[in-house]
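Scroll down for the structure; my scribbles are underneath it.
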Amino acid sequence: MELMDFIVTALLFGGTFFFTTATLGLLRFPDLFTRLHATGKGDTLGVGLILTGLVIYLGLSPITLKIIIIMTFILLTSPVGTHCICRAVYNQGIKPWKRR
Amino acid sequence: MIDMHDIFNLIILILVLNVFLCIYRALMGPRAWDRVIAINVIGTKTIVIVILIGILYDSLYFVDVALVYALFNFILTVALSKYIEFGTL
Numbered sequence: 089m090e091l092m093d094f095i096v097t098a099l100l101f102g103g104t105f106f107f108t109t110a111t112l113g114l115l116r117f118p119d120l121f122t123r124l125h126a127t128g129k130g131d132t133l134g135v136g137l138i139l140t141g142l143v144i145y146l147g148l149s150p151i152t153l154k155i156i157i158i159m160t161f162i163l164l165t166s167p168v169g170t171h172c173i174c175r176a177v178y179n180q181g182i183k184p185w186k187r188r
Numbered sequence: 203m204i205d206m207h208d209i210f211n212l213i214i215l216i217l218v219l220n221v222f223l224c225i226y227r228a229l230m231g232p233r234a235w236d237r238v239i240a241i242n243v244i245g246t247k248t249i250v251i252v253i254l255i256g257i258l259y260d261s262l263y264f265v266d267v268a269l270v271y272a273l274f275n276f277i278l279t280v281a282l283s284k285y286i287e288f289g290t291l
C-alpha cells in the first residue's frame, strides 16, 4: 500500500511538472509556433501522467473506466487541436520566428 | 504521515497558480491566436482540476462534468481555428 501511494505521488508530481513547463513556454516563447510546440506536448503528457496516477489510486471501478475514456479522448484530440490552430495561422501567411 | 488528500490539495493549488499565469497570456496576447492557445491550455488544466476535486470530495459525478468539458474544449478549438482560417463559421 505504501509503495502504491509513492507511485501515485510520483506520477502526480511528474504531470504537474510538465504542466508547469507548458505554462512557462506559453509565457516566455516569442512566437505562435514555438508556443504551440511547448503547450501541445506538455499538456498532453501532463494529462496522461496525472490521470494514470488517479487510475492507479482509485483501483478498478466504473469511474476508472470513465477516467480512461477522458484520457484517451484528450490524447487523441489535443494534437488535433494544436494542428488545426497551427495550419490555420500558417495559411494566413505568418512566417515562423527566426533568430536574427 | 502525509495523507493522499493533502497531496491532491497541493496539486490543485499548483494547477490553479498555472491557470492564473495562463490568464496573463489570454489577456495580454499580442494576436488573436495567442489567446486561443491560452484558452485551450486553461481548458485542459480545468479538466484535471475538476477530476481532482471530484476525488477529493468523494462525489465522483464530477468525472462526467470533466468529460463534457473535454468535448467542449475540443469543439471550441476547432471552431476558433476554422474562424481564423476562413473568416467565417
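The listed protein sequences correspond, in order, to chains A and B. Following the working numbering, the numbering of the first sequence begins with 89 at its first residue and continues without gaps. Following the working numbering, the numbering of the second sequence begins with 203 at its first residue and continues without gaps. Ideal Cβ placement from N, Cα and C applies to all residues, glycine included. Note that the structure is a prediction, hence the values are computed from the model and not measured.
**Asked** Taking the continuous alpha helix (DSSP H) assigned at B/I255, which residues delimit it?
**Response** By one-based count along the second sequence, residue 255 of chain B stands at place 53. Note, B/I255: alpha helix (DSSP H), A234 to L258.
**Message:** If you measure between the beta carbons of B/V193 and B/Y271, is that distance less than 8 Å?
**Reply:** Since the first residue of chain B shown is 203 and the last is 291, residue 193 of chain B is not available in this structure.
**Prompt:** Taking Cβ positions only, does A/A98 come closer than 8 Å to chain B?
**Reply:** Translated into positions along the first sequence, residue 98 of chain A becomes position 10. Taking Cβ atoms only, chain B never reaches closer than 8 Å to A/A98, which makes this a no.
**Prompt:** From B/Y226, B/R227, B/I216 and B/I225, pick the residue whose C-alpha is nearest to that of A/T108; which is it?
**Reply:** Position 20 of the first sequence, counted from the first residue, corresponds to residue 108 of chain A. The shortest Cα separation from A/T108 among B/Y226, B/R227, B/I216 and B/I225 belongs to B/I216.
**Request:** Note down the Cα distance separating A/F121 from A/T170, rounded to an integer number of angstroms.
**Result:** For the purposes of this step, residue 121 of chain A is identified with residue 33 of the first sequence, where counting begins at 1. For the purposes of this step, residue 170 of chain A is identified with residue 82 of the first sequence, where counting begins at 1. Roughly 10 Å between the two C-alpha positions.
**alpha helix (DSSP H) segment containing B/T290, residue limits** = Translated into positions along the second sequence, residue 290 of chain B becomes position 88. Element bounds for B/T290: n/a, residue is neither H nor E.
**Prompt:** Shortest alpha-carbon distance to B/L269 belongs to which of B/I249, B/E287, B/I277 and B/V280?
**Reply:** Counted from its first residue, the second sequence places residue 269 of chain B at position 67. B/L269 has its Cα closest to that of B/I249, out of B/I249, B/E287, B/I277 and B/V280.
**Distance between beta carbons of A/I155 and A/L139, contact taken as under 8 Å** = Numbered from its first residue, the first sequence carries residue 139 of chain A at position 51. Numbered from its first residue, the first sequence carries residue 155 of chain A at position 67. At roughly 6 Å, the Cβ-Cβ gap stays under 8 Å, so A/L139 and A/I155 are in contact.
**Request:** Determine the chain B residues that contact A/K154 at a beta-carbon separation under 9 Å, and present them in chain order.
**Result:** Counting from 1 along the first sequence, the entry for residue 154 of chain A is found at position 66. In chain order: L262, V265, D266, A268 and L269.
**Prompt:** Is it the case that the Cβ atoms of A/F101 and A/G130 are separated by a distance below 8 Å?
**Reply:** The residue given as residue 101 of chain A occupies position 13 in the first sequence. The residue given as residue 130 of chain A occupies position 42 in the first sequence. Cβ distance not < 8 Å, so A/F101 and A/G130 don't count as in contact.
**Prompt:** How many angstroms separate the CA atom of A/A176 from the CA atom of B/Y226?
**Reply:** In the first sequence, residue 176 of chain A corresponds to position 88, counting from 1. In the second sequence, residue 226 of chain B corresponds to position 24, counting from 1. So the alpha carbons of these two residues sit roughly 23 Å apart.
**Request:** Taking only the alpha-carbon atoms, compute the straight-line gap between A/W185 and B/L262 and give it to the nearest angstrom.
**Result:** The count along the first sequence starts at 1 and reaches residue 185 of chain A at position 97. The count along the second sequence starts at 1 and reaches residue 262 of chain B at position 60. Near 45 Å, if we compare the C-alpha coordinates of B/L262 and A/W185.
**Request:** For chain B, find out if any of its Cβ atoms is closer than 8 Å to the Cβ of A/G169; answer yes or no.
**Result:** Taking the first residue of the first sequence as 1, we reach residue 169 of chain A at position 81. A/G169 counts as touching chain B.
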